[in-house]
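Have a look at the structure below, then the notes.
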Amino acid sequence: VNGTVNIAVIGATGYTGQELLKILARHPTATVTAVMTARPNHTPPPPALPVDAPVDPLDLDRLDDVDGVFLCTPHGAAAPLVQAAMQKGIKIVDLSADFRLQDQAAYQQTYGQEHPAPELLAQAVYGLTEHYRAEIRSAQLVANPGCYPTCILLGLKPLLDHNLVAPDATIVADCKSGVSGAGKQPGDRNVYGAVAQNFLAYGVGSHRHGPEIRQQAGTDRIVFVPHLLPMFRGMLATIYVSLAAGSTADDARSCLREVYANADFVRVYDRGQPEVNRVQHTNYADLAVADAGVEGQVVLTAAIDNLGKGAAGQAMQNMNLMLGLDEEAGLS
Ligand SMILES: NC(=O)c1ccc[n+]([C@@H]2O[C@H](COP(=O)([O-])OP(=O)(O)OC[C@H]3O[C@@H](n4cnc5c(N)ncnc54)[C@H](OP(=O)(O)O)[C@@H]3O)[C@@H](O)[C@H]2O)c1
7 VNGTVNIAVI GATGYTGQEL LKILARHPTA TVTAVMTARP NHTPPPPALP VDAPVDPLDL
67 DRLDDVDGVF LCTPHGAAAP LVQAAMQKGI KIVDLSADFR LQDQAAYQQT YGQEHPAPEL
127 LAQAVYGLTE HYRAEIRSAQ LVANPGCYPT CILLGLKPLL DHNLVAPDAT IVADCKSGVS
187 GAGKQPGDRN VYGAVAQNFL AYGVGSHRHG PEIRQQAGTD RIVFVPHLLP MFRGMLATIY
247 VSLAAGSTAD DARSCLREVY ANADFVRVYD RGQPEVNRVQ HTNYADLAVA DAGVEGQVVL
307 TAAIDNLGKG AAGQAMQNMN LMLGLDEEAG LS
């Protein structure tokens, strides 16, 4: 694509929509031509993060002259918008979970409702950018990954793909996130009084990202436990991995280095540990592998900003690829 591209953001009043508007404001070749809520006849309340752009009620006709649209709505609300945008032939990055699980039955089980557009499932490409670049480039519909799955899979998937993990061992992904991961809707669990000076596990054994992580990792043997931290943005995954016989922490680190040699947004540490404040407000994913001090065990750590690489940043990366732009545009 030469010249500028026209972009729409739907669900622009939420955390991820606002983050995308900030990224798009820095983008050298994208012009934002429609900033809308996901509901017709709905005059939205002022956004939670003060980005200086008026938000209009949903009007699907405004998609007629755009090249790409970001859908930043809850699951269920996204699928009908995807159907409409598919018919207009434009590129779509859906930040919701509607097209992340390949299987209709798994969606129903996980999200407690029938899949709203099963006919489109086969066309959706999972947008873990560094692993599916070729497919993303030619996709019309990208299902942007969840924040926890992004954080966990960037570190774990290369080790699984390269047979560095003991085949029958259970992998434990112990994860912590800031409160913005749950969106702007106030609830008992994310009000200040419940979060400040507190720390807890939630969704143990039942979090909706579990099936997504296991589907993409290609193994059911992953125990995923999310925790809520008293901070706004950022997350850290500590992943306990038994290595395949004969493999070492150095092998695992070399594997990550090789896989991400040309990935500008994934930084593999030689020493030290990722920290949330090094990735906040960026599209970076920071990874480290350390010997656990126990024969055959390593500890893999990964830090991302849930609103950055875990949502809006990765969404921008994907849209850039889909529109033939520089992958880093707007993000560096
Ligand atoms: N937050 C994260 O870290 C994160 C990371 C990865 C993926 N995601 C996914 O990205 C999507 C957006 O997340 P978010 O954190 O930006 O959520 P959010 O802050 O709660 O914002 C949700 C947006 O969707 C709109 N909306 C809410 N309910 C709706 C409904 N029933 N019908 C139509 N529109 C509705 C809201 O509009 P109003 O302002 O008019 O209510 C708002 O624009 C979700 O699917 C989420 O799972 C979030």
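Position one of the sequence shown corresponds to residue 7 (the numbering used here), numbered consecutively onward. Note that beta-carbon positions come from the ideal geometry of N, C-alpha and C, so glycine has one too.
*Measuring from the CB of S212, is there a heavy atom of ligand 1 at a distance below 7 Å?*
no
*Per DSSP, cross-strand counterpart(s) of H233*: K182, A207
_Check: G240 C-beta below 7 Å from any heavy atom of ligand 1_ = no
*If you compare alpha carbons, which of C78, E25, T288, Q110 is closest to V57?*
E25
*Those runs of the alpha helix (DSSP H) which lie wholly inside the stretch 80-110 and span at least 4 residues*: 84-93
*Are V285 and G314 closer than 8 Å when you measure CB to CB?*
yes
_T307, enclosing beta strand (DSSP E) - first and last residue_ = 303-310
*In the DSSP assignment, what residue or residues form a beta bridge with Y138?*
The partner list for Y138 (beta bridge, DSSP) is empty, contrary to what the question assumes.
*Quick one, which of A267, A179, P232 has its alpha-carbon nearest F246's?*
The sequence as given places Tyr at residue 246; Phe does not occur at that position. Ranking A267, A179, P232 by Cα distance to Y246 puts A179 first.
*Verify the contact flag: H233, CB atom, against every heavy atom of ligand 1, threshold strictly below 7 Å.*
no
*Using CA coordinates, which residue listed in L126, V148, T244 is at the minimum distance from I158?*
T244
*asked:* Please report the distance separating the alpha-carbon of Y117 from that of T10.
replied: 38 Å
_Separation of F271 from L134, as counted between CA atoms_ = 12 Å
*Considering only residues of the same chain and omitting the five flanking positions on each side of G20, which have a CB-CB separation below 7 Å?*
C78, G189, K190
_Any heavy atom of ligand 1 closer than 7 Å to the beta-carbon of T43?_
yes
*Could you tell me the distance, in whole angstroms, from the CA atom of V15 to the CA atom of L337?*
17 Å
*On the three-state DSSP scale, how would you describe N326?*
helix
*Expected contact under 8 Å - CB spacing of M325 and G74 to nearest Å*: 5 Å
_Using C-beta distances below 7 Å, list every residue in its chain close to Q114, excluding the 5 sequence neighbours before and after it, in chain order._
E120, H121
*Would the beta-carbon of G316 be found less than 7 Å away from any heavy atom of ligand 1?*
yes
*If you compare alpha carbons, which of T39, I29, P217, D174 is closest to R106?*
P217
*asked:* For P80, which residues in the same chain have their Cβ closer than 7 Å to its Cβ, ignoring the five residues on either side in sequence?
replied: S102
*Name the two residues that bound the continuous beta strand (DSSP E) containing L77.*
74-77
*asked:* Which residue wins for smallest C-alpha separation from G17, given the options A36, V99, Q93, G299?
replied: V99
*So what does S260 bridge to, in DSSP terms?*
Bridge partners of S260: none, in fact.
_If distances are taken between C-alpha atoms only, which option among Y275, Q221, P155 comes closest to A317?_
P155
*Can A250 and V304 be called in contact, C-beta distance under 8 Å?*
no
*From P86, L293, T35, residue whose alpha carbon lies closest to that of G161*: L293
*asked:* To the nearest angstrom, how far is the alpha carbon of A123 from that of K94?
replied: 16 Å
*Classification of Q320 by the beta-carbon crowding that lies within 10 angstroms, buried from 16 upward*: buried
*In the DSSP assignment, find the unbroken alpha helix (DSSP H) run with L165 in it and report its ends.*
153-167
*Under the rule that 16 or more other beta-carbon atoms within 10 Å means buried, what is L127, buried or exposed?*
buried
*Can you tell me the Cα-Cα spacing of L30 and A112, whole angstroms?*
34 Å
*Answer yes or no: the CB of C261 versus the heavy atoms of ligand 1, is any distance below 7 Å?*
no
*Sufficient close CB pairs (3 or more, under 8 Å) joining the stretch 38-47 to the stretch 206-222*: no
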